[in-house]
Amino acid sequence: MAHGVGVHGPDCHCVVREEYRRAQEGFAEARRALARREGVPAVVAPSELATRQWIDDELRGKSRELATRRRAHGRAALRLLGTRTLALLWTAVVVLLVVQSLTAIGAGWTITRTAALVAAVVTAAGLSAVAYATREGAGLYAPARGLDGRLSTSKAVAALWAVTLTYTFVFFAVRLAAASDGDDRSDLLDSLGSVSADQLALVAAPLFAAVLVRRVVGDKVNRRVLQKPHSDRARLFDLVTDDAGRSSLVDAQYVLVNLVATGFVVVGLARDPEALPDIPATLVALAMVSVVVYLVAKLVENNRPVILSVVRVHVPGNLDTAVRQGDDIEIRGTNLVGAGAKDPDQLARVVVMFGAVHVYAPLVPTDSGFANPCDAVIVVPIPVDVEPGRVELCVVSAAGIESNRYEIEIAD
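Its first residue numbered 462, the sequence shown is counted upward by one per residue in the working numbering.
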């Protein structure tokens with residue numbers, strides 16, 4: 462059966478995804494046509510500057526429409542991811558019940574089996590409650606989203622440990638409640654009371670890291686040394702990639718080490734349900750090194766836009782002269798757009814400030830994307846409102862972060 466609003470409703474993910482796909486294809490087709498100067502009105506065609514301005518205005522309008530579809534698709538995709546995660550979690554609970562029932566044949570049902578099943582149900586129910594409470598937003602993954610809308614590695618790891626602790630506490634709570642006599646209860650309390658420093662460090666370090674990273678990143682954004690462009694699409698890949706979508710070794714090792722550590726806790730609990738799992742010193746040391754590496758990477762992270770040089774754009778057939786009003790200049794530097802700011806509406810927010818005069822970087826389309834603006838080079842015309850003489854300029858990236866000031870000389 463074909464997917465459509467009449468079948469699934471306007472908020473269904475497949476409907477929203479199809480609308481977003483069509484919007485992407487429409488924008489790409491329009492961008493390619495404008496790159497070939499197709500559809501440019503005859504009244505502006507004789508003027509290169511007017512043509513470029515008309516194309517830029519057209520692309521900006523279309524980019525806003527595409528952004529609306531992208532935001533709707535991002536919300537629907539994240540809700541779908543949360544729903545599938547919950548379905549997988551409850552499936553695991555059912556599998557646990559089946560396995561416990563099959564292994565109990567002949568051996569008999571024990572309180573340990575009951576505790577494991579109750580702990581799994583309570584954990585799954587708690588996560589389902591979180592998903593329901595935030596169903597209008599990010600759903601199940603709402604607690605793990607960062608300031609920029611992406612999934613936060615530090616928050617996700619902290620949430621992973623919170624879920625593991627919930628399962629562990631409920632497991633032992635059921636064991637204590639069902640203890641047959643005072644001696645059994647006393648022995649269980651004694652084993653639970655002997656918490657080692659290694660166990661505390663293994664659990665506390667990721668929680669501490671999540672709080673510290675939130676503070677460090679927020680402070681760097683406020684001090685305008687770190688760009689965090691907002692993303693309308695949160696994905697699981699965010700946990701092991703940077704803002705630009707490139708693989709991040711630091712994030713990947715942090716996630717992997719903590720997955721191994723939490724898996725060790727759950728397996729250790731299953732092997733010996735009478736006490737908290739004994740964590741090997743090697744695993745604890747590895748986890749501490751992983752946390753330190755992750756924190757140091759966040760502390761030294763800096764992607765503020767930097768202008769390195771400004772030159773006049775060479776026009777074939779023209780003589781090389783001084784920079785004057787109306788000339789195009791090429792601003793060369795690093796992080797001028799911002800990592801992760803690759804969508805058309807984000808590129809359209811890049812501004813070059815000539816003192817009090819603000820010039821939006823024109824969108825220059827190509828068959829595969831945009832030639833301007835980009836992280837390394839931004840080309841803008843010098844407006845006539847800028848008076849000849851020495852002028853300071855700076856770039857405002859898509860994330861709203863200002864670059865350093867750079868002084869140029871504009872000739873009469």
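Note that the Cβ used here is the ideal one computed from N, Cα and C, for glycine as well.
In this text the structure is predicted, and so the values were computed from the model without any measurement.
Legend entry - Chain-order list of residues whose beta-carbon lies under 7 Å from that of L547 (same chain, five-residue window excluded): Taking the first residue of the sequence shown as position 1, residue 547 is located at position 86. Within the same chain, L588, S589, A592 and L601 come within 7 Å of L547 by CB-CB distance, once the 5 residues on both sides are set aside.
Inset, instruction - Figure out for me which residue from V776, A538, V841 and A742 has the closest Cα to the Cα of S657. - result: By 1-based counting over the sequence shown, the position of residue 657 is 196. The shortest Cα separation from S657 among V776, A538, V841 and A742 belongs to A742.
Legend entry - 8 Å contact criterion, which V701 and S709 should meet: CB distance rounded: Position 240 of the sequence shown, counted from the start, is the residue given in the question as residue 701. Position 248 of the sequence shown, counted from the start, is the residue given in the question as residue 709. A Cβ-Cβ distance of about 6 Å is found for the pair V701 and S709, placing them in contact under the 8 Å criterion.
Legend entry - Minimum C-alpha distance to A503 - residue among R675, Y715, R851 and W515: As a working note, residue 503 is residue 42 in the sequence shown. That would be W515, whose Cα lies nearest to the Cα of A503.
Inset, instruction - Please specify which runs of the alpha helix (DSSP H), each continuous and at least 4 residues long, are wholly inside the segment 597-648, giving them in chain order. - result: Listed in chain order, they are 614-638.
Inset, instruction - Have a look at V477, Y481, V631 and L520 and flag the residue whose alpha-carbon is nearest the alpha-carbon of V825. - result: Along the sequence shown, one-based indexing puts residue 825 at 364. For the set V477, Y481, V631 and L520, the Cα lying nearest the Cα of V825 is the one of L520.
Inset, instruction - Check whether the Cβ atoms of F632 and P734 lie closer than 9 Å to each other. - result: Looking up residue 632 in the sequence shown gives position 171. Looking up residue 734 in the sequence shown gives position 273. Between F632 and P734, the C-beta spacing is below 9 Å.
Legend entry - Inter-residue Cα distance where the pair is V813 and N779: Looking up residue 813 in the sequence shown gives position 352. Looking up residue 779 in the sequence shown gives position 318. In a straight line, the C-alpha of V813 is about 25 Å away from that of N779.
Legend entry - Span of the alpha helix (DSSP H), counted from its first residue to its last, around G543: By one-based count along the sequence shown, residue 543 stands at place 82. Per DSSP, G543 belongs to the alpha helix (DSSP H) from E509 to T564.
Legend entry - Residue range of the alpha helix (DSSP H) that includes P823: Position 362 of the sequence shown, counted from the start, is the residue given in the question as residue 823. Per DSSP, P823 belongs to no alpha helix (DSSP H) and is neither H nor E.
Legend entry - Residue range of the unbroken beta strand (DSSP E) whose run includes E853: Position 392 of the sequence shown holds residue 853. Taken as a continuous stretch (DSSP letters only), the beta strand (DSSP E) holding E853 covers G850 to V857.
Legend entry - Residue nearest to F725 in terms of C-alpha spacing, selected from P604, V856, Q660 and A859: Numbered from 1 along the sequence shown, position 264 holds the residue referred to as residue 725. Minimum Cα-Cα distance from F725 among the listed residues P604, V856, Q660 and A859 corresponds to Q660.
Legend entry - Whether I790 touches R773 by CB criterion (9 Å): Against the sequence shown, residue 790 aligns to sequence position 329. Against the sequence shown, residue 773 aligns to sequence position 312. In contact: I790 and R773 (Cβ atoms closer than 9 Å).
Inset, instruction - Return helix, strand or coil for V479, following the three-state DSSP convention. - result: Translated into the one-based positions of the sequence shown, residue 479 becomes position 18. Correcting the residue identity first, residue 479 is Glu in this sequence and not Val. Three-state DSSP puts E479 in a helix.
Inset, instruction - For L541, collect the residues of the same chain with a Cβ closer than 8 Å to its Cβ; drop the 5 residues on either side in sequence, then sort them by chain order. - result: Here residue 541 corresponds to residue number 80 of the sequence shown, with the count starting at 1. Excluding residues within five positions, the ones whose Cβ falls inside 8 Å are H474.
Inset, instruction - Assuming D609 and K689 form a contact by the criterion Cβ under 8 Å, report the distance between their Cβ atoms to the nearest whole angstrom. - result: The sequence position of residue 609 within the sequence shown is 148, counting from 1. The sequence position of residue 689 within the sequence shown is 228, counting from 1. The distance from the Cβ of D609 to that of K689 is about 4 Å, consistent with a contact at the 8 Å cut-off.
Legend entry - Proximity below 9 Å, CB of A869 to CB of V852: Within the sequence shown, numbered from 1, the residue matching residue 869 stands at position 408. Within the sequence shown, numbered from 1, the residue matching residue 852 stands at position 391. A quick correction: the sequence has Ile, not Ala, at residue 869. For the 9 Å CB-CB criterion, I869 and V852 form a contact.
Legend entry - At least three beta-carbon pairs within less than 8 Å, the segment 668-681 to the segment 843-859: Contact between the segment 668-681 and the segment 843-859 is absent, because fewer than three Cβ pairs lie under 8 Å.
Inset, instruction - Would you kindly check if the distance between the Cβ of V635 and the Cβ of V579 is under 9 Å? - result: In the sequence shown, residue 579 corresponds to position 118, counting from 1. In the sequence shown, residue 635 corresponds to position 174, counting from 1. Yes; because the gap between Cβ atoms is below 9 Å, this pair is in contact.
Legend entry - Other residues of its chain near L558: CB distance less than 7 Å, five sequence neighbours each side excluded: Counted from its first residue, the sequence shown places residue 558 at position 97. Taken in chain order, the residues that qualify are L578.
Legend entry - Three-state secondary structure assigned by DSSP to R773: One-based indexing of the sequence shown puts residue 773 at position 312. Looking at R773 - three-state DSSP - the assignment turns out to be strand.
Inset, instruction - Could you say which of V728, A800, D804 and I843 lies nearest to R785 if we only look at CA atoms? - result: Walking along the sequence shown from the start, residue 785 turns up at place 324. Of the listed residues, the one whose Cα sits closest to R785 is I843.
Inset, instruction - Can you tell me which of the three DSSP states R492 falls into? - result: As a working note, residue 492 is residue 31 in the sequence shown. Residue state, collapsed to three classes: helix.
Inset, instruction - Mind the definition here: the segment 622-629 touches the segment 557-572 only if three or more C-beta pairs lie below 8 Å; say whether that holds. - result: These segments do not touch.
Legend entry - Option in G861, S829 and P823 with minimal Cα separation from E509: As a working note, residue 509 is residue 48 in the sequence shown. Out of G861, S829 and P823, P823 has the C-alpha closest to the C-alpha of E509.
Legend entry - Cα-Cα separation, V856 to P766: Looking up residue 856 in the sequence shown gives position 395. Looking up residue 766 in the sequence shown gives position 305. Near 7 Å, if we compare the C-alpha coordinates of P766 and V856.
Inset, instruction - Look at the Cβ atom of G706, then the Cβ atom of G801, and state whether they are nearer than 9 Å. - result: Along the sequence shown, one-based indexing puts residue 706 at 245. Along the sequence shown, one-based indexing puts residue 801 at 340. Result yes, Cβ atoms of G706 and G801 sit closer than 9 Å.
Inset, instruction - Confirm, please, whether the CB-CB distance from V554 to V582 is below 9 Å. - result: The residue labelled residue 582 in the question sits at position 121 within the sequence shown. The residue labelled residue 554 in the question sits at position 93 within the sequence shown. At the C-beta level, V582 and V554 come within 9 Å of one another.
Inset, instruction - Take the Cβ of N865 as the centre, count every other Cβ of all protein chains shown within 10 Å, and call the residue buried at 16 or more, exposed below. - result: Walking along the sequence shown from the start, residue 865 turns up at place 404. Exposed is the call here.
Inset, instruction - Report the residue from R696, L756, A872 and Y821 whose alpha carbon sits nearest the alpha carbon of R536. - result: Counting from 1 along the sequence shown, the entry for residue 536 is found at position 75. Taking only the C-alpha atoms, the option nearest R536 is R696.
Inset, instruction - Compute the distance between the beta-carbons of V477 and R530, then report whether it is under 9 Å. - result: Working through the sequence shown from its first residue, we reach residue 477 at position 16. Working through the sequence shown from its first residue, we reach residue 530 at position 69. Yes; because the gap between Cβ atoms is below 9 Å, this pair is in contact.
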